[in-house]
RNA sequence: GGGCCCGUAGUCUAGCCUGGAUAGGACACAAGCCUGCGGAGCUUGCGGCUCGGGUUCAAAUCCCGACGGGCCCGCCA
């Protein structure tokens with residue numbers, strides 16, 4: 006798969022390497038690290054600051070080194086020429102070669118452009134993983150969008166990706182919700198997950214005040230732990246219904262799952278005991294003493310990690326214990342297995358499976374080479390315990406391939422979200438998407454007054470969803486987001502809809518052009534706006550690669566906004582259909598088509614629709 | 001007490017990992033383009049690296065110390 010900008014970088018490195026060896030100088034560090042983009046394209050397309058490094062290692066003046074090095078450099082491949090400015094070595098890309106290479110790469114690869122297929126491994130991504138007792142609020146939305154986008158990026162890079170959604174159907178929240186469901190007769194009328202969220206908040210307040218209710222919650226919890234009895238049956242029914250409602254929400258966002266993993270199925274699989282036995286066998290798990298008597302403690306002090314209780318004195322396991330076992334299973338490193346059956350189908354055609362007691366035991370799930378857990382940043386410590394436990398078990402490779410994609414939470418202007426206090430009301434993903442779509446409906450109608458209601462509805466849906474997804478994705482995950490309606494509903498320049506709009510505009514030009522194709526000289530593009538676009542297009546595969554390697558799913562969002570902006574500027578100064586010559590027209594049509602393809606591919610990576618009209 | 005993350009114009013944000021030339025973009029505000037292949041547009045202006053020290057030829061970036069915000073260090077969930 007062609008990676009035009011990557012090739013230019015490689016050519017620069019090769020030229021540098023050749024020049025250095027000609028002079029008999031050792032490269033002081035990887036050559037790629039000395040490359041940077043000059044602040045002004047007039048200075049060049051890539052700059053190397055290598056002479057500063059050489060000055061240190063060879064004890065010569067940078068100016069002298071630059072003179073020698075530039076004499077020894079021979080431009081080759083995509084390099085047009087090299088200039089020395091100050092102590093910078095500035096490489097200019099051969100615009101014509103880059104243009105031809107890029108346009109051809111985009112046209113030929115089409116929907117595959119940017120898909121580098123650098124890996125053949127399997128990656129498991131766990132995301133969403135919301136307690137099955139409430140609706141998703143916008144913070145859960147951030148998790149789901151980050152995870153879903155990451156999955157799309159890794160697929161583009163050639164990974165076989167399996168998305169798992171972990172469902173804790175045995176936690177205290179389930180117990181309290183079951184009690185609420187039984188005791189609260191007058192239930193609010195709403196979508197099932199919303200009903201549960203509301204009655205849970207109500208019940209939680211009462212449980213804290215009434216000791217008798219607290220005792221009943223504990224009874225229920227104990228029964229869920231034992232896995233037998235009517236509460237277990239009721240829990241199953243209630244959580245199933247809730248998950249179904251949650252999936253309606255994520256379906257609307259365009260988020261898909263390959264597998265739902267239920268805590269109760271993991272609990273009955275025996276993999277927890279198996280994991281504890283293995284850790285005991287290497288003396289990593291010991292019995293607690295003093296005020297921790299009766300517990301089992303994981304010792305990782307020699308890895309610089311504090312002791313962690315895995316099993317409580319009442320014999321129940323803490324979350325981290327289950328997380329270790331689950332992580333081992335994701336890597337195919339447990340003897341105990343799970344059983345699966347088909348759960349449902351997503352609108353995009355994905356078949357979602359679920360773990361199940363009476364399912365089939367099939368080998369296709371788990372067995373990953375790389376595991377990414379999209380989990381809140383506050384869980385850094387337990388996530389570190391998990392990967393270190395793998396290392397302690399001698400699974401060095403698995404430990405190194407365990408990634409915690411940590412993200413900070415979404416806050417309300419008034420503070421944190423709280424399921425217990427019910428502060429999510431009005432800020433559920435359902436509410437926000439509904440509002441965004443309603444707002445989009447008004448805007449779409451203004452812009453296409455002659456269209457049909459059917460068109461407005463359809464357009465409003467992908468514009469609204471696009472705005473929400475983009476706003477959740479575009480901030481880098483380690484930054485806290487304070488939810489503001491004007492940002493979630495942003496249709497301005499830096500937004501999902503703005504990118505969709507640029508795409509639709511490109512489509513419109515291509516539609517109006519009577520004929521495509523036709524020959525043109527390779528040096529047609531004279532305008533800086535044209536050249537800038539070509540350069541941007543050539544960088545897309547590099548963006549996808551970096552996003553995958555560094556687990557930074559927001560990079561395609563930033564890139565797409567930049568490309569859309571670059572296209573708008575081109576559009577303003579460069580008539581396409583009415584271009585001065587037929588050759589220029591043909592060339593610009595090619596360029597517009599390549600922008601269209603790349604914008605669409607970038608939107609695809611973000612799970613945002615790329616409409617031809619809006 | 002120990003540790004982790006964040007701090008960039010009035011607001012939001014990129015750059016920090018891998019130090020490099022004039023810190024990139026959006027919103028808001030002000031002025032302009034005046035309907036052109038879709039104005040959800042373009043152009044211009046305004047304004048910024050929390051503070052103090054250190055390392056370096058060079059610091060938004062690395063190190064130390066403050067300050068502000070958040071989080072973790074539970075047999076909680």
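In our numbering, the protein residues as written are 6 to 619. Ideal Cβ positions, reconstructed from N, Cα and C, are used throughout, including at glycine.
Beta-bridge partners of residue i, as assigned by DSSP
| i | result |
| --- | --- |
| residue 410 | 379 |
| residue 420 | 417 |
| residue 53 | 40, 94 |
| residue 313 | 303 |
| residue 433 | 142 |
| residue 290 | 303 |
| residue 322 | 316 |
Three-way DSSP call (helix, strand, coil) for residue i in this model
| i | result |
| --- | --- |
| residue 148 | helix |
| residue 85 | strand |
| residue 209 | helix |
| residue 214 | helix |
| residue 171 | strand |
| residue 262 | coil |
| residue 4 | No statement about residue 4 is possible, as the shown extent of the chain runs from 6 to 619 and does not include it. |
| residue 394 | helix |
| residue 564 | helix |
| residue 165 | strand |
| residue 611 | helix |
| residue 135 | coil |
| residue 6 | coil |
| residue 46 | helix |
| residue 243 | helix |
| residue 618 | coil |
| residue 76 | helix |
| residue 446 | helix |
| residue 586 | coil |
| residue 234 | coil |
| residue 353 | coil |
| residue 11 | helix |
| residue 227 | helix |
| residue 119 | coil |
| residue 543 | helix |
| residue 581 | coil |
| residue 62 | helix |
| residue 193 | coil |
| residue 556 | coil |
| residue 336 | coil |
| residue 428 | coil |
| residue 298 | coil |
Where the beta strand (DSSP E) containing residue i begins and where it ends
| i | result |
| --- | --- |
| residue 349 | 345-350 |
| residue 128 | 127-131 |
| residue 358 | 356-360 |
Enclosing alpha helix (DSSP H) for residue i [first to last residue]
| i | result |
| --- | --- |
| residue 271 | 268-274 |
| residue 367 | Neither: residue 367 is in no alpha helix (DSSP H) and is coded neither H nor E. |
| residue 182 | 177-188 |
| residue 30 | First-last for residue 30: undefined, no H or E at that position. |
| residue 453 | Where residue 453 is concerned, there is no enclosing alpha helix (DSSP H), given that its DSSP letter is neither H nor E. |
| residue 104 | 100-114 |
With 16 other Cβ atoms within 10 Å as the buried cut-off, status of residue i
| i | result |
| --- | --- |
| residue 9 | buried |
| residue 148 | buried |
| residue 225 | buried |
| residue 409 | buried |
| residue 268 | buried |
| residue 527 | exposed |
| residue 496 | buried |
| residue 5 | This structure cannot speak to residue 5, because the chain is shown only from 6 to 619. |
| residue 447 | exposed |
| residue 419 | exposed |
| residue 586 | exposed |
| residue 287 | exposed |
Would you list, in sequence order, the uninterrupted alpha helix (DSSP H) runs of no fewer than 4 residues that lie entirely inside the segment 469-532?
-> 490-493, 501-517
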